[in-house]
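Working notes, beginning with the structure itself.
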Amino acid sequence: MIPSDHFTRFYNEVFKFLEGQGEEHLKEYWLEISKNQEKHTLELFKSKGLQGMYEYWDHIREEENCDMDLELNDERLQLKMNVCPSLSKVLDNDAEPMKRYCDHCAGWIGPIIDKVGYHLVYDVIDRKKPQCVVNIFKDKKEAIKQEKKAKLLMGWPSKKK
Amino acid sequence: MSEKISNKNDLRYNDAGNVHMDFHGATNTTIEFIIKKYGIKIMDDIFFKVGKEVYKDLRENIKKGNIKMLAEHWDHFFGRENSEYKIELDKDQVVLTVKKCRAYEHVKKIAGFVSPNFCDQTIKTNQALSEGTEYVIDTKILGEASCQQIIRKKYDT
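Taken in sequence, the protein lines are chains A and U. Plus 55 on top of the position in the first sequence (first one is 1) and you've got the working numbering. Plus 434 on top of the position in the second sequence (first one is 1) and you've got the working numbering.
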């Protein structure tokens, strides 16, 4: 068994293989993971909107031991990841980290947020540091404003323009 | 006579805190995706990389004859996931018997389908851990969510 604690290091090896095959291979895999994650998120996000998203990431914050601040208001949910356990483990690793490891996160979250009609702005800030800021807006105009402030904005397969 | 397992603090990866079992669901999805698109050899190669590179320290310890480290690794992580298991540790052999693997059971519960290759992660990673050492790790599937993993010196009967 690869322990659940070590999943991200396994994930890292999968990413390195797929990156070697080409960008489209990585994107196809992220979409597959996104479909898998729909089982845990889609109904909750559809039925409760931002509140449902808050509940999901509040649960993740505890279960994955994240140092993360969550802030919810009527128009926006913000996830401020102070120390990401996923990238932290990949960096604390005897195998080489994939340089774009962070990209997978927007790669699976983005398509789900699109599906439920909200607008994701994913600022990775710096791929070498285990921190990021994610904003999810009801209003597309607010998302576009936020995108302009991002230091390293992430895209995802079939991102809406 | 069995020895006691201790010194888990020496493990290269010594995780603590909560456990996110849903990651096993993502492993299951990944195994199905990779095998369907690229074939089983590629999946095996990735597991070999995990065994040789991610678990480099564990492998180095096995090379030096310190198989107790593998017993500590098994005890730490099967314990954290609340599996039902038993470890018998002797000088030249460690036997891990998993009566109920929570990883397997969790995937069955959340996904309703467990890849027929789900346990390859154990079989292939174990093979990689012992390759090039004086030891061999045999993984025998005993039934659903149950297996036995034995590390022993090569050529022992």
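C-beta atoms are modelled at their ideal positions from N, C-alpha and C, and glycine is treated no differently.
{"Item": "Boundaries of the alpha helix (DSSP H) in which G75 of chain A is found, first to last residue", "Value": "F62 to Q76"}
{"Item": "Short CB-CB distance (under 8 Å) between H44 of chain A and chain U", "Value": "Nothing can be reported for residue 44 of chain A, as the shown portion of chain A is limited to 56 through 216."}
{"Item": "I88 of chain A: contacting residues in chain U (beta-carbon distance under 9 Å)", "Value": "A460, T463, T464 and F467"}
{"Item": "Per-residue DSSP class, three states only, for Q186 of chain A", "Value": "coil"}
{"Item": "Span of the beta strand (DSSP E) around Y177 of chain A", "Value": "H174 to D178"}
{"Item": "Pairwise C-alpha distance: S564 of chain U and K498 of chain U", "Value": "11 Å"}
{"Item": "Alpha carbon of K170 of chain A to alpha carbon of F65 of chain A, nearest angstrom", "Value": "28 Å"}
{"Item": "contact_flag[the region 458-468 of chain U, the region 124-141 of chain A] where n(CB pairs < 8 Å) is 3 or more", "Value": "no"}
{"Item": "Local Cβ density within 10 Å of E126 of chain A, reported as buried at 16 or more and exposed below that", "Value": "exposed"}
{"Item": "N67 of chain A vs A198 of chain A beta-carbon contact at 8 Å", "Value": "no"}
{"Item": "Identity of the residue in A:K71, A:F62 and A:L73 nearest Y447 of chain U by Cα", "Value": "A:F62"}
{"Item": "C-beta neighbour in chain U for A150 of chain A, strict 8 Å", "Value": "yes"}
{"Item": "Run of the alpha helix (DSSP H) containing T567 of chain U, from where it starts to where it stops", "Value": "Run containing T567 of chain U: none; DSSP gives neither H nor E here."}
{"Item": "Inter-residue Cα distance where the pair is N128 of chain A and I501 of chain U", "Value": "53 Å"}
{"Item": "Beta-carbon proximity check, H454 of chain U vs V541 of chain U, cutoff 8 Å", "Value": "no"}
{"Item": "is_contact[E117 of chain A, chain U] using C-beta, thresh 8 Å", "Value": "yes"}
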